[in-house]
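Note that the sequence shown covers residues 1 to 384 in UniProt numbering.
Heads up, the beta-carbon is just placed ideally off N, CA and C, and yes, glycines get one too.
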Amino acid sequence: MFDYLKGSAKIHRSEYTFWRFKHFHIYQVMLPYSGFVLSVIPIYLLFGYFDYQHLQEDAWLATMTRLFFSFLCVALLLLLKRYSPKHLDLAELTLVLCVYWSLTYIGQMAMHGGDFNYQSGGILVMAYVGALSRLPFKASFIALTFMAICYVWMISPLRLEHDFAEEIDRLSIMSAIYIMCLIACLRRESETHTSFEQYSQIRSQQLKLKASQRKLSLQAVTDPLTELKNRLYLTQNAALFVQNAKQSKQGMSLLMIDIDNFKSINDVYGHQVGDNVIYGVAQIIRQHCGRYTGMNIRYGGEEFLSVFHCFSESELQQIAESILTDVAKLYWPDKNLRVTVSIGLATNKNQSLNMHELINQGDKALYLAKQKGKNRIEIYSDKP
């Protein structure tokens, strides 16, 4: 009981936890065990055989009552199981109460006919609630208390008049069954709370593991200095990038960007300044290319690559000129340092090239830009 109270207090501590527990109870407890409700229907119907022995002329009315509630139970549970599982607990509670009421009604019919030995069927319903049902404790308490009140109000007075001592004995047995079923329901609820806590812990660990895996996967394809993608990302996604371009009937184009005189910067100012230069250039590339493509790669030490879908030479040249202009504005006053970049531009107009061939063309255009004095843009041409 104390475990149940502790578990209940934890669950009601926040509205979010409460609704998570409710979802768990419906989909992990009620739904998998909903078949047990249907399993007791045949037993309920088989007792119709005894109706004819005890009720005789009124047996047909009892049979119709049993058939009606059996059909209602099967239809309602199958519909809710398929279309609205969240109402399974309410439906089961309603059906349990209706079935118990039907047995009480049949028991009254027997007493009115002078038969006082056909009023114990409700005990089986109480046993079902305590042993087979997966109703929450509050719903189970309502059901069991309703059964006890119905018996005391509708059955017991007539039986007391008929045989006082026997009915007192029966009431004591029913009281014991009532208490035992309540304890069983309380234990079941406590076990459900424990299962929910274990499920929540496992789920939390799974989510943390997935988040860690995503983070590691992202780190594996991300350059830690510039936060651009790395060569591994290019290798993994190049084929898909080309395939998407072909399917959408778009050409591909790229910019190959290299920081001019970077070795001298490292030698004169040190690697820390060199890293700052690389980072500054990378942010400009991200600013101008990031809105158009996710394929922005730190291709080498001071070399970068941006690959696009559906850009003409003129459009790509505008982007390259913006990068060239903004890089020239970079300035480290404590070192009195400015940097420039050279850019090679290549396009796959007829969609005949793969990624490797397009990169080779961009690399040749970049080499030409370096030869012609650096700090410039060159467009690849297969003409000599």
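(request) Could you tell me if Asn354 is buried or exposed, where buried requires 16 or more neighbouring beta carbons within 10 angstroms of its beta carbon? (result) Walking along the sequence shown from the start, residue 354 turns up at place 354. Asn354 is exposed by the Cβ-count criterion.
(request) List the endpoints of the continuous beta strand (DSSP E) containing Arg298. (result) Looking up residue 298 in the sequence shown gives position 298. Boundaries of the beta strand (DSSP E) harbouring Arg298: Asn296 to Arg298, taken from the DSSP string.
(message) Using C-beta distances below 7 angstroms, list every residue in its chain close to Tyr380, excluding the 5 sequence neighbours before and after it, in chain order.
(response) Within the sequence shown, the letter at position 380 stands for residue 380. Apart from the 5 residues on each side of it in sequence, Tyr380 sits with its Cβ closer than 7 angstroms to the Cβ of Gly344, Leu345, Ala346, Gln361, Gly362, Lys364 and Ala365 in its chain, given in chain order.
(request) Give the straight-line distance between the Cα atoms of Asp260 and Thr293, rounded to the nearest whole angstrom. (result) Taking the first residue of the sequence shown as position 1, residue 260 is located at position 260. Taking the first residue of the sequence shown as position 1, residue 293 is located at position 293. In this model, Asp260 and Thr293 are separated by some 24 angstroms (Cα to Cα).
(request) For my contact list, Met109 and Ala62 are in at a C-beta cut-off of 8 angstroms; report their separation, rounded to the angstrom. (result) Mapped onto the sequence shown, residue 109 falls at position 109. Mapped onto the sequence shown, residue 62 falls at position 62. Contact between Met109 and Ala62 holds: CB atoms are separated by about 7 angstroms, below the 8 angstroms threshold.
(request) Kindly give me the distance between the Cβ atoms of Asp326 and Ile284, rounded to whole angstroms, as I take these residues to be in contact under 8 angstroms. (result) For the purposes of this step, residue 326 is taken as residue 326 along the sequence shown, with counting starting at 1. For the purposes of this step, residue 284 is taken as residue 284 along the sequence shown, with counting starting at 1. 5 angstroms between Cβ atoms; contact.
(request) Counting only the same chain and skipping the five closest in sequence on each side, list residues whose C-beta sits under 7 angstroms from that of Ala9. (result) For the purposes of this step, residue 9 is taken as residue 9 along the sequence shown, with counting starting at 1. Here the model assigns Ala9 a pLDDT of 49, short of 50, so the residue's position is not dependable and the matter cannot be decided.
(message) Do Arg298 and residue 388 have their beta-carbon atoms positioned less than 9 angstroms apart in this structure?
(response) No answer is possible for residue 388: the residues shown for the chain start at 1 and end at 384.
(message) Once DSSP output is grouped into helix, strand and coil, what is the label at Phe47?
(response) In the sequence shown, residue 47 corresponds to position 47, counting from 1. Phe47 falls in the coil class under three-state DSSP.
(request) For the beta strand (DSSP E) holding Asp258, just list the boundary residues, first then last. (result) Locating residue 258 in the sequence shown gives position 258, where the first residue counts as 1. Note, Asp258: beta strand (DSSP E), Met252 to Ile259.
(message) Run through the DSSP bridge pairs and tell me what residue 386 is partnered with.
(response) Residue 386 lies beyond the residue range present for the chain, which begins at 1 and ends at 384; the question has no answer from this structure.
(message) I need the boundaries of the beta strand (DSSP E) containing Leu345, first residue and last residue.
(response) Position 345 of the sequence shown, counting from 1, holds the residue named residue 345. Segment Val341 to Asn348, the beta strand (DSSP E) holding Leu345.
(message) From the DSSP secondary-structure annotation, give me the bridge partner or partners of Lys229.
(response) Here residue 229 corresponds to residue number 229 of the sequence shown, with the count starting at 1. Residue pairing from DSSP places Lys229 in a beta bridge opposite Thr222 and Ile297.
(message) Buried or exposed for Tyr16, going by 16 or more other Cβ atoms inside 10 Å?
(response) Locating residue 16 in the sequence shown gives position 16, counting from the first residue. Here Tyr16 is exposed: its Cβ has fewer than 16 other Cβ atoms, across all protein chains shown, within 10 Å.
(request) State the start and end residues of the unbroken beta strand (DSSP E) segment that holds Glu378. (result) Taking the sequence shown and counting its residues from 1, the one referred to as residue 378 is at position 378. Its beta strand (DSSP E) spans residues Ile377 to Ile379.
(message) If the criterion is Cβ atoms closer than 9 angstroms, does the pair Gly130 and Ala184 meet it?
(response) The sequence position of residue 130 within the sequence shown is 130, counting from 1. The sequence position of residue 184 within the sequence shown is 184, counting from 1. The answer is yes: Cβ separation under 9 angstroms.
(message) Would Ala139 pass as an interface residue toward chain C - the criterion being a Cβ-Cβ separation below 9 angstroms?
(response) Protein chain content of the structure displayed is limited to a single chain, and chain C is not contained in it.
(request) Excluding the 5 residues preceding and the 5 following Thr145 in the sequence, name in chain order all residues of the same chain whose CB lies nearer than 6 angstroms to its CB. (result) Stepping through the sequence shown from its first residue, residue 145 is reached at position 145. Only residues of its own chain outside the window of five on either side were considered, and among them none has a CB closer than 6 angstroms to the CB of Thr145.
(request) Keeping to the same chain, check which residues put their C-beta closer than 8 angstroms to that of Asp58; ignore five residues upstream and five downstream. (result) Within the sequence shown, numbered from 1, the residue matching residue 58 stands at position 58. Correct list, in chain order: Met109 and Gly113.
(request) Provide the residue(s) that pair with Trp332 in DSSP beta bridges, ordered along the chain. (result) Locating residue 332 in the sequence shown gives position 332, where the first residue counts as 1. Leu337.
(message) Using a Cβ-Cβ cutoff of less than 6 angstroms, which residues in the same chain neighbour Leu95 once the five nearest sequence positions on both sides are dropped?
(response) Numbered from 1 along the sequence shown, position 95 holds the residue referred to as residue 95. The answer, listed in chain order, is Cys73.
(request) Measure the C-alpha to C-alpha separation of Leu358 and Met30 and round it to an integer number of angstroms. (result) Taking the sequence shown and counting its residues from 1, one reaches residue 358 at position 358. Taking the sequence shown and counting its residues from 1, one reaches residue 30 at position 30. Cα to Cα, the separation comes out at about 59 angstroms.
(request) Go ahead and pull the three-state DSSP assignment for Asp382. (result) Start at 1 with the first residue of the sequence shown, and residue 382 comes out as number 382. Collapsing the DSSP output to three states places Asp382 in coil.
(request) For Gly48, I'd like the list of residues in its chain whose CB is within less than 6 angstroms of its CB, leaving aside the five on either flank, ordered along the chain. (result) Within the sequence shown, the letter at position 48 stands for residue 48. The residues are Thr63 and Arg66.
(request) Check whether the Cβ atoms of Phe68 and Tyr44 sit closer than 9 angstroms, and answer yes or no. (result) Counting from 1 along the sequence shown, the entry for residue 68 is found at position 68. Counting from 1 along the sequence shown, the entry for residue 44 is found at position 44. Against a cut-off of 9 angstroms, the Cβ pair of Tyr44 and Phe68 comes out as no contact.
(request) Could you give the DSSP three-state label for residue 385: helix, strand or coil? (result) There is simply no residue 385 to check, as the chain begins at 1 and stops at 384 in what is shown.
(message) Using the three-state DSSP reduction, which class does Asn266 fall into: helix, strand or coil?
(response) Residue numbering aside, residue 266 sits at position 266 when the sequence shown is read from its first letter. Helix, per DSSP.
(request) Determine the closest residue to Ala127 out of Ala176, Lys86 and Met111, with distance taken between C-alpha atoms. (result) Start at 1 with the first residue of the sequence shown, and residue 127 comes out as number 127. Sorting Ala176, Lys86 and Met111 by C-alpha distance to the C-alpha of Ala127 places Ala176 at the top.
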